[in-house]
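J.: Residue numbers (the numbering used here), protein chains in the order written: chain A, 817 to 1039; chain B, 7 to 342. Every residue, glycine too, gets a C-beta built ideally from N, C-alpha and C.
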Amino acid sequence: MQLTEMLSLIVKGFWETLYMTLGSTLVAYAIGLPLGLLLILTDPQGLRPMPVFNRVLGVIINLLRSVPFIILLVWVMPVTRAIMGTTIGSKATLSPLTIAAAPFIARMVESSAREVDRGVVEAALSMGASPSQVLLRVILPEAKPSLITGAAIAVTTILGYSAMAGIVGGGGLGAIAINYGYYRSNSQVMLIMVVLLVLIVQIFQEAGSRIAHKSDKRIREQN
Amino acid sequence: MGNPIIELKGITKVFGTGDGAVTALKDVDLTIDEGEIFGVIGLSGAGKSTLVRCINLLEKPTAGTVIVDGKELTKLSEKELRQARRSIGMIFQGFNLLQQRSVLDNVCFPLQLAGVPKKEARAKAEKLLDRVGLSEKKDAYPAQLSGGQCQRVAIARALSTDPKVLLCDEATSALDPTTTLSILDLLKELNRELHVTVVVITHEMKVVEAICHRVAILADNHVEELGVVEEIFHRPKSMAARQLIVPSSQVPPKESFGEGRFIRITFDGRERTDQPLVAQMVLHTGVPVSIVFADTRSLNGRLYGQMILQVPEDDSIMEKMLEFLRRAEVSFEEVI
């Protein structure tokens, strides 16, 4: 393979990976964030206790989370075809990635929200805050640093999933690694892809930690 | 005064159901007057935190009626209750400030919840911060403040909606003695200037002594005694009141006193401080004694507590002393 050919392949794969990862993270948050807040809200000790609903929602989320991604990838193909019109390419990969990530994100959001001091919630209630005000104006802002840290973990996990999508005809760096590195036994391409993936994970993780740290007002500033 | 602002009638609160049910409050009646500083004191587990939460219905009583400022809170819809809570401020032992908001934004918070325009809310908050002496800290975050400063911010925040009642749940329990006094002074000033009724929940008698006009003593989940603070200090009727007023001292083991014989004298309020008992005994017998342990306090010239004296190991001297104490009509015993 020519160098220029490989370079353009890598660049294309890189953008596809970013597109798949960030795109599905975004959609998965749109689903997972409200789900996580719903788990908190309907908790038996929550602001709107609905124990049965909470339990059912919890079980569904656990079920989705326990299906191995590689299996989910194949299972949701009909859904993907219905939504995206195709099962091949990076765009098609968005749907299994989102389905896998949303329940994971719901649990992350739930756990971040649980870290918020109950006393602060109680104080807000004593001021006459409604449940939605407590969620949006107390729990979300107070959990912000933890939510950002969670988002960094979510992005890197989804990035890892996206690399698997190459097996069923998805795109991105993972697909290149499988198609060129594995099927054609080109260990050099394989190595480059892995190094690139590692770098991307590091960048996302580091950026997430820094933003989380910077946004956290609980850390005492030196005067 | 004499105009009731908080009325609790037959408040019962049971947590849990069946065998695991725990009764936190049992048929509590309480009336708190407008403009007073009312104390609720009790040992931990007496139900005082539950009681204060029943006033703004953070805890829904299992039975009973809560009336605040003429509104029967126990009958209101959720929306009406939220509205009513704006006229009941509350501060907490753990301050419960929003950690990710600046001091100014914390004080603005209740106003924002109520839909007050931002500009107006900020102006109000700045005025309140000035009142509690923290205007220069308005851009700081709670993590940068001391405990006393945090509680001042919490007080400013609780007062931002001009409440008629301020509930204080162990508000000084996490603070050191000096800071406690300054917070209590602030509450007293605010009560006087703003005519806000203050309800103080505490386990410390010194807090009640410092600022309360009347006090209810909570024991075994009901009001054991209620009255004007001086009156209860002067003549505590219930066991619970005496326990709280009189130091229930932890007497060290006898071995730690060393060799010799020991007499324990218990003061139960019959003795007066202007009749120095121990000094008179020493003068009478001509034999000096050592005080090896003492935990007493005087209330309105009456003495409460106990004292342990070390006396020489001599039967005749001992007999003389015991005779003196018998005639003085105090409770005493030889410590064996």
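Determine the chain A residues that contact B/Q105 at a beta-carbon separation under 7 Å, and present them in chain order.
T.: On the second sequence, residue 105 of chain B is found 99 positions in, with the first residue counted as 1. The contacting residues are E958, K1033, R1034.
J.: Which value, in whole angstroms, describes the spacing of the CA atoms of B/L309 and A/P865?
T.: Here residue 309 of chain B refers to the residue found at position 303 of the second sequence. Here residue 865 of chain A refers to the residue found at position 49 of the first sequence. Distance between the alpha carbons of B/L309 and A/P865 is about 54 Å.
J.: Pick out whichever of A/G1024, A/A991, A/H1029 has its Cα sitting closest to the Cα of A/T833.
T.: Translated into the one-based positions of the first sequence, residue 833 of chain A becomes position 17. For A/T833, the nearest C-alpha among the options comes from A/A991.
J.: Below 9 Å between beta carbons is the criterion; list the residues of the region 147-176 of chain B that meet it against any residue of chain A, in chain order.
T.: Going along the region 147-176 of chain B in chain order, one finds Y147, P148, A149, Q150, A160, R163, A164, S166, T167, L173 with a Cβ nearer than 9 Å to chain A.
J.: Let me check understanding here. Comparing Cα to Cα, which of B/V205, B/G264, B/R198 lies closest to B/R59?
T.: For the purposes of this step, residue 59 of chain B is identified with residue 53 of the second sequence, where counting begins at 1. Of B/V205, B/G264, B/R198, the residue nearest in Cα terms is B/V205.
J.: Is the CB-CB distance between A/I994 and A/I983 below 8 Å?
T.: As a position in the first sequence, residue 994 of chain A is number 178, starting the count at 1. As a position in the first sequence, residue 983 of chain A is number 167, starting the count at 1. Against a cut-off of 8 Å, the Cβ pair of A/I983 and A/I994 comes out as a contact.
J.: Can you tell which of B/P258, B/K124, B/G26, B/S108 has the C-alpha that lies nearest to the C-alpha of B/D145?
T.: To locate residue 145 of chain B, count along the second sequence from 1; it is residue 139. Of B/P258, B/K124, B/G26, B/S108, the residue nearest in Cα terms is B/S108.
J.: Evaluate B/N9 with the Cβ neighbour count: other Cβ atoms within 10 Å of its Cβ, from every protein chain shown; 16 or more gives buried, anything less gives exposed.
T.: Here residue 9 of chain B refers to the residue found at position 3 when the second sequence is read from its first residue. Flag for B/N9 reads exposed.
J.: With 7 Å as the limit, tell me which residues of the region 849-874 of chain A have their beta carbon closer than that to any beta carbon of chain B; keep them in chain order.
T.: Result list empty, no residue passes.
J.: Taking a contact to mean a Cβ-Cβ separation below 8 Å, would you say A/A908 touches A/G986 in this structure?
T.: Translated into the one-based positions of the first sequence, residue 908 of chain A becomes position 92. Translated into the one-based positions of the first sequence, residue 986 of chain A becomes position 170. Yes, these two residues count as a Cβ contact at 8 Å.
J.: Thinking C-alpha only, which one of B/H209, B/S166, B/V295, B/Q281 is nearest B/D136?
T.: Within the second sequence, numbered from 1, the residue matching residue 136 of chain B stands at position 130. Minimum Cα distance to B/D136 is reached at B/S166.
J.: I want to see whether chain A comes within less than 8 Å of B/R88, judged by CB atoms only; does it?
T.: Here the question's residue 88 of chain B lines up with position 82 in the second sequence. Yes, B/R88 counts as interfacial toward chain A.
J.: Would you say B/P67 faces chain A, with C-beta separation under 8 Å as the test?
T.: Numbered from 1 along the second sequence, position 61 holds the residue referred to as residue 67 of chain B. Taking Cβ atoms only, chain A never reaches closer than 8 Å to B/P67, which makes this a no.
J.: What separation, rounded to the nearest whole angstrom, lies between the Cα atoms of B/A300 and B/Q316?
T.: Here residue 300 of chain B is taken as the residue at index 294 of the second sequence, counted from 1. Here residue 316 of chain B is taken as the residue at index 310 of the second sequence, counted from 1. So the alpha carbons of these two residues sit roughly 12 Å apart.
J.: Take B/P183 as the anchor and find which of B/E210, B/D111, B/Q106 has the nearest alpha-carbon.
T.: In the second sequence, counting from the first residue as 1, residue 183 of chain B sits at position 177. Comparing Cα-Cα distances from B/P183 to each of B/E210, B/D111, B/Q106, the minimum goes to B/E210.
J.: So with CB distances below 8 Å, who are the chain A contacts of B/P116?
T.: In the second sequence, the residue the question calls residue 116 of chain B occupies position 110. Residues of chain A passing the Cβ test: M943, G944.
J.: Give a yes or no on whether the minimum CB-CB distance between A/E938 and chain B is below 8 Å.
T.: Taking the first sequence and counting its residues from 1, the one referred to as residue 938 of chain A is at position 122. It does: the Cβ of A/E938 has a partner Cβ on chain B nearer than 8 Å.
J.: Note the first and the last residue of the continuous beta strand (DSSP E) segment covering B/L19.
T.: Here residue 19 of chain B corresponds to residue number 13 of the second sequence, with the count starting at 1. For the sequence presented, residue 19 of chain B should be read as Lys rather than Leu. 10-21 is the extent of the beta strand (DSSP E) around B/K19.
J.: Span of the alpha helix (DSSP H) holding B/R91?
T.: Along the second sequence, one-based indexing puts residue 91 of chain B at 85. It spans 84-91 - the alpha helix (DSSP H) in which B/R91 sits, taken as one unbroken run.
J.: Name the DSSP beta bridge partners of A/G839, please?
T.: In the first sequence, residue 839 of chain A corresponds to position 23, counting from 1. Per DSSP, none; premise fails for A/G839.
J.: Give the straight-line distance between the Cα atoms of B/I61 and B/T68, rounded to the nearest whole angstrom.
T.: The sequence position of residue 61 of chain B within the second sequence is 55, counting from 1. The sequence position of residue 68 of chain B within the second sequence is 62, counting from 1. So the two alpha carbons sit approximately 13 Å from each other.
J.: Quick one: give me the first and last residue of the beta strand (DSSP E) that B/L262 is part of.
T.: Here residue 262 of chain B refers to the residue found at position 256 when the second sequence is read from its first residue. Correcting the residue identity first, residue 262 of chain B is Ser in this sequence and not Leu. B/S262 -> no beta strand (DSSP E), and no H or E assigned at all.
J.: With 16 as the cutoff for other CB atoms within 10 Å, does A/Y845 come out buried or exposed?
T.: The sequence position of residue 845 of chain A within the first sequence is 29, counting from 1. Buried is the call here.
J.: Determine the contact status of A/T841 and A/V937, defining contact as a CB-CB distance below 8 Å.
T.: Position 25 of the first sequence, counted from the first residue, corresponds to residue 841 of chain A. Position 121 of the first sequence, counted from the first residue, corresponds to residue 937 of chain A. Not a contact, by the Cβ cut-off of 8 Å.
J.: Quick check on this structure: which residue in B/I12, B/H219, B/E176 has the alpha carbon closest to the alpha carbon of B/E42?
T.: Position 36 of the second sequence, counted from the first residue, corresponds to residue 42 of chain B. For B/E42, the nearest C-alpha among the options comes from B/H219.
J.: Let me confirm a value: B/F115 is counted as buried when at least 16 other C-beta atoms fall within 10 Å, else exposed. Which label applies?
T.: Here residue 115 of chain B is taken as the residue at index 109 of the second sequence, counted from 1. With 16 or more Cβ atoms within 10 Å of its Cβ, B/F115 is classed as buried.
J.: Flag B/L110 as yes if its beta-carbon sits less than 8 Å from any beta-carbon of chain A, otherwise no.
T.: Residue numbering aside, residue 110 of chain B sits at position 104 when the second sequence is read from its first letter. No - not a single Cβ of chain A is within 8 Å of the one on B/L110.
J.: In its own chain, which residues sit with a C-beta less than 6 Å from the C-beta of B/S296, not counting the 5 before and 5 after it?
T.: Position 290 of the second sequence, counted from the first residue, corresponds to residue 296 of chain B. These residues qualify, in order along the chain: Q316.
J.: Per DSSP, A/T914 forms a beta bridge with which residues?
T.: Reading the first sequence from its first residue, position 98 is the one you call residue 914 of chain A. None; A/T914 has no bridge partner.
J.: Between which two residues does the alpha helix (DSSP H) holding B/D321 run?
T.: Indexing the second sequence from 1 puts residue 321 of chain B at position 315. Residues 321-334.
J.: Determine, using beta carbons only, whether A/G966 comes closer than 8 Å to chain B.
T.: As a position in the first sequence, residue 966 of chain A is number 150, starting the count at 1. No, A/G966 does not count as interfacial toward chain B.
J.: Can you give me the Cβ contacts of A/Q1038 inside the same chain, cut-off strictly under 8 Å, excluding the 5 residues immediately before and after it?
T.: Walking along the first sequence from the start, residue 1038 of chain A turns up at place 222. Residue confidence for A/Q1038 is low, a pLDDT of 41 falling below 50, so the modelled location carries little weight and cannot support an answer.
J.: Between the beta-carbon of B/I269 and the beta-carbon of B/V341, is there less than 8 Å?
T.: To locate residue 269 of chain B, count along the second sequence from 1; it is residue 263. To locate residue 341 of chain B, count along the second sequence from 1; it is residue 335. Yes. Within cutoff.
J.: Is A/G935 close to chain B, meaning its C-beta is less than 8 Å from at least one C-beta of that chain?
T.: Along the first sequence, read from residue 1 onward, the residue named residue 935 of chain A stands at position 119. Answer yes: the Cβ-Cβ gap between A/G935 and chain B drops below 8 Å somewhere.
J.: A/V954 versus chain B: which residues are under 9 Å apart at the beta carbon?
T.: Residue 954 of chain A sits at position 138 when you count from the first residue of the first sequence. By Cβ distance, chain B contributes L104, F115.
J.: So which residues on chain A does B/M96 lean against when the C-beta distance must stay under 9 Å?
T.: For the purposes of this step, residue 96 of chain B is identified with residue 90 of the second sequence, where counting begins at 1. Residues of chain A passing the Cβ test: E938, A939, S942, M943.
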